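Student: For the sequence shown, full-length UniProt numbering assigns the number 1 to the initial residue and increments by one for each residue that follows. Virtual Cβ for every residue (Gly too), placed ideally from N, Cα, C. From a predicted model like this one, the values you see are computed outputs, not experimental measurements.
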Amino acid sequence: MLVHVDDAKFLFCPLLMTHDDRMKMCQVTQCMMWRWVDREKGTGYCGMAGKPAGADA
Ligand code: SF4
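1) Given a cut-off of 8 Å, decide if L2 and C26 are closer than it, judged by their beta-carbon atoms.
2) Using three-state DSSP, classify D21 as helix, strand or coil.
3) So, using beta-carbon positions, are V5 and V28 closer together than 8 Å?
4) Mind reading off the beta-carbon distance from residue 63 to G44? Whole number of angstroms is fine, and I expect it under 8 Å.
Laid out in structure tokens, this is it:
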């Protein structure tokens, strides 16, 4: 899923959990799996699920 960095931080990460088993939000650029598509437009995606449609645009 291609998203803007400002939106990604409000999406749950499928890997990160709190100490009481609640899902945590995406860490965006602080995570090694974040992939930029267009830095000027601020779009990218989580690389854990592969490259999404539109990522080459
Ligand atoms: S980019 Fe990192 S923190 Fe964000 S959803 Fe993917 S694995 Fe989780």
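Tutor: In this structure, then:
1) no
2) coil
3) yes
4) This structure cannot speak to residue 63, because the chain is shown only from 1 to 57.
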